[in-house]
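One structure is given below, encoded as structure tokens.
There are 2 protein chains.
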Amino acid sequence: MKDFQQIIGYQFKKEHLLREALTHSSYTNEGRKRHKNNERLEFLGDSVLSVIVANYLFLQFPDLPEGELTKTRAALVCSRSLAKFAQSIHLGDYLLMGCGEENSGGRERISNLEDAFEALVGAIYLDSGLEQARVFVLKFIPENLDPSKIRVTSDFKTTLQEIIQKNPEEKLTYVLVSESGPDHDKSFEVEVHLNSNIIGTGIGKSKKQAEQAAAQKALELMGYETC
Amino acid sequence: MKDFQQIIGYQFKKEHLLREALTHSSYTNEGRKRHKNNERLEFLGDSVLSVIVANYLFLQFPDLPEGELTKTRAALVCSRSLAKFAQSIHLGDYLLMGCGEENSGGRERISNLEDAFEALVGAIYLDSGLEQARVFVLKFIPENLDPSKIRVTSDFKTTLQEIIQKNPEEKLTYVLVSESGPDHDKSFEVEVHLNSNIIGTGIGKSKKQAEQAAAQKALELMGYETC
Numbered sequence: 001m002k003d004f005q006q007i008i009g010y011q012f013k014k015e016h017l018l019r020e021a022l023t024h025s026s027y028t029n030e031g032r033k034r035h036k037n038n039e040r041l042e043f044l045g046d047s048v049l050s051v052i053v054a055n056y057l058f059l060q061f062p063d064l065p066e067g068e069l070t071k072t073r074a075a076l077v078c079s080r081s082l083a084k085f086a087q088s089i090h091l092g093d094y095l096l097m098g099c100g101e102e103n104s105g106g107r108e109r110i111s112n113l114e115d116a117f118e119a120l121v122g123a124i125y126l127d128s129g130l131e132q133a134r135v136f137v138l139k140f141i142p143e144n145l146d147p148s149k150i151r152v153t154s155d156f157k158t159t160l161q162e163i164i165q166k167n168p169e170e171k172l173t174y175v176l177v178s179e180s181g182p183d184h185d186k187s188f189e190v191e192v193h194l195n196s197n198i199i200g201t202g203i204g205k206s207k208k209q210a211e212q213a214a215a216q217k218a219l220e221l222m223g224y225e226t227c
Numbered sequence: 001m002k003d004f005q006q007i008i009g010y011q012f013k014k015e016h017l018l019r020e021a022l023t024h025s026s027y028t029n030e031g032r033k034r035h036k037n038n039e040r041l042e043f044l045g046d047s048v049l050s051v052i053v054a055n056y057l058f059l060q061f062p063d064l065p066e067g068e069l070t071k072t073r074a075a076l077v078c079s080r081s082l083a084k085f086a087q088s089i090h091l092g093d094y095l096l097m098g099c100g101e102e103n104s105g106g107r108e109r110i111s112n113l114e115d116a117f118e119a120l121v122g123a124i125y126l127d128s129g130l131e132q133a134r135v136f137v138l139k140f141i142p143e144n145l146d147p148s149k150i151r152v153t154s155d156f157k158t159t160l161q162e163i164i165q166k167n168p169e170e171k172l173t174y175v176l177v178s179e180s181g182p183d184h185d186k187s188f189e190v191e192v193h194l195n196s197n198i199i200g201t202g203i204g205k206s207k208k209q210a211e212q213a214a215a216q217k218a219l220e221l222m223g224y225e226t227c
């Protein structure tokens, strides 16, 4: 707990709030009834996070229309972003969880990381108020955030295609590099090429999945935030 | 503007924020380019409202599970609730809007009232911070709020039926009281009876709509918050 507070740069006055934020429901389900899990703090933290990000974007981009503000906030607080924030502070290592959850990869599960990150924000807010929660959250907002480079989509191939085809001379191709594993558990590796340059590589359980992963990597390389 | 600030019990330091909160987009579209409309403040206010209500529910109901907290917040900040809050402070009367919007009933339109209410919360937050916004918002939360009496549904008939059938001896009937107007613009009035007592009356453009409206009235009479 001490280590973790050093990592996050915040010292709790009420340490039970930190403990609650780090407690996955599987921990309390395994007979530890007197412990609270982090679901209620997650409910609170979700709102706290939202207002902090909204306020930041509102002031930072005074001319951005409401629709763009909404899209940018959605990207900043989507599951994938929150899980990335959580990973950067090694949140998974400090979660309290049941054995079943742990053995099935619970410390790396996106939803657990996302929920615990929100709960942590809620806990800091309860411990010290909005300003301290703001200091904590704003550290995770990328510097030089550019709303015009945000794409909220699950179809990365189409998004990449739309961006590339603005220059008619540019050409995207997907190249299958390898295919391995038994029939019921195959793994594919795909490269996406822009003209003759490799701009992304992706792995997936189908060719399609690997192509999407490669396109997403390419978008990130080009400075786009995807969600 | 002065009247309105008396009604809401809050005096703006920066009156331009109040003006912005009250400005519907149709006003700025009609050639008044230098005025800002309330869409950006609505974006901000939506989050501010959400965190205030979340915080209130979290503290007020320390044993309520996350799912119930989420449902209760959703009901408190749904369009219909926000429009009711807006009506209680006569917000529609103070909106700045274009002639087209005004002539088509814009001052009573639920979406305009909801958006302006959120914008107003955002404006107070920017003007004075979270605590003042909280004082303003909490005045609208019903006293003796009972989360077990909240129903988030658009099917009021089914909800009413489910509540009533817990007592097998009770019986609901819907009675068509009147039908008026020309074929293309009919109006129906329906009563819902519990045994021999009228517990709600509803008007609608079809029998079904009128029945739903009557069921909703009955739920409200029985102390349920519907949304």
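These protein sequence lines map, in sequence, to chains A and B. Going left to right, the first sequence walks through residues 1 to 227 as UniProt numbering numbers them. Going left to right, the second sequence walks through residues 1 to 227 as UniProt numbering numbers them. Idealized CB from N, CA, C, for every residue including glycine. Here the structure is a predicted model, which is why all the values come from computation and not from measurement.
Note down, in chain order, every chain A residue with its Cβ under 7 Å from the Cβ of residue i.
i: residue 54(B); result: 43, 44, 47
i: residue 66(B); result: 39, 40, 42, 43
For residue i, count the other beta carbons within 10 Å of its own beta carbon; 16 or more makes it buried, fewer makes it exposed. Which is it?
i: residue 97(B); result: buried
i: residue 198(A); result: exposed
i: residue 202(B); result: buried
i: residue 219(B); result: buried
i: residue 38(B); result: buried
i: residue 212(B); result: buried
i: residue 216(A); result: buried
i: residue 146(B); result: exposed
i: residue 175(A); result: exposed
i: residue 157(B); result: buried
i: residue 159(A); result: buried
i: residue 183(A); result: exposed
i: residue 66(A); result: buried
i: residue 179(A); result: exposed
i: residue 127(B); result: buried
Considering only residues of the same chain and omitting the five flanking positions on each side of residue i, which have a CB-CB separation below 7 Å?
i: residue 124(A); result: 10, 132, 133, 136
i: residue 35(B); result: 23, 27, 28
i: residue 95(A); result: 22, 24, 107, 112, 116
i: residue 140(A); result: 85
i: residue 154(B); result: none
i: residue 152(B); result: 71, 74, 75, 227
i: residue 16(B); result: none
i: residue 166(A); result: none
Just to confirm my understanding: we take residue i, look at its own chain, exclude 5 residues before and 5 after, and list those with CB closer than 6 Å. What are they?
i: residue 82(A); result: 114, 117
i: residue 45(B); result: 118, 119, 121, 122
i: residue 177(B); result: 189, 191
i: residue 76(A); result: 53
i: residue 272(A); result: The structure shown does not extend to residue 272(A), since chain A is modelled only from 1 to 227, so the question has no answer here.
i: residue 110(A); result: 79, 83
i: residue 275(B); result: Residue 275(B) is absent from the model: chain B starts at 1 and stops at 227.
Just the chain B side, please: which residues come within less than 9 Å of residue i by C-beta, in chain order?
i: residue 153(A); result: Those within 9 Å of residue 153(A) in chain B number zero; the least Cβ separation is about 21 Å.
i: residue 58(A); result: 40, 41, 43, 44, 122, 126
Check the Cβ of residue i against every Cβ in chain B and list those closer than 8 Å, keeping chain order.
i: residue 69(A); result: 40, 43
Which residues in chain B have a C-beta closer than 7 Å to the C-beta of residue i? List them in chain order.
i: residue 177(A); result: Those do not exist, as residue 177(A) stays about 44 Å from chain B at its closest Cβ, beyond 7 Å.
i: residue 95(A); result: Result: empty, since nearest Cβ-Cβ is about 17 Å, beyond 7 Å.
i: residue 130(A); result: 130
Could you pull out every residue in the same chain whose Cβ sits closer than 8 Å to the Cβ of residue i, ignoring the five residues on either side in sequence?
i: residue 181(A); result: 187
i: residue 264(B); result: It is not possible to answer for residue 264(B), since the shown part of chain B is limited to 1 through 227.
i: residue 73(A); result: 50, 53, 54, 57
Counting only Cβ pairs nearer than 9 Å, list the residues of chain A close to residue i.
i: residue 50(B); result: 46, 47, 50, 51
Segments of 4+ residues assigned as alpha helix (DSSP H) that fall wholly inside the UniProt domain "DRBM" (155 to 224) of chain A: The qualifying runs are 156 to 164, 207 to 221.
Continuous alpha helix (DSSP H) assignments of at least 4 residues falling wholly in the segment 67 to 152 of chain A: Here the runs fully enclosed are 79 to 88, 99 to 103, 110 to 128, 130 to 138.
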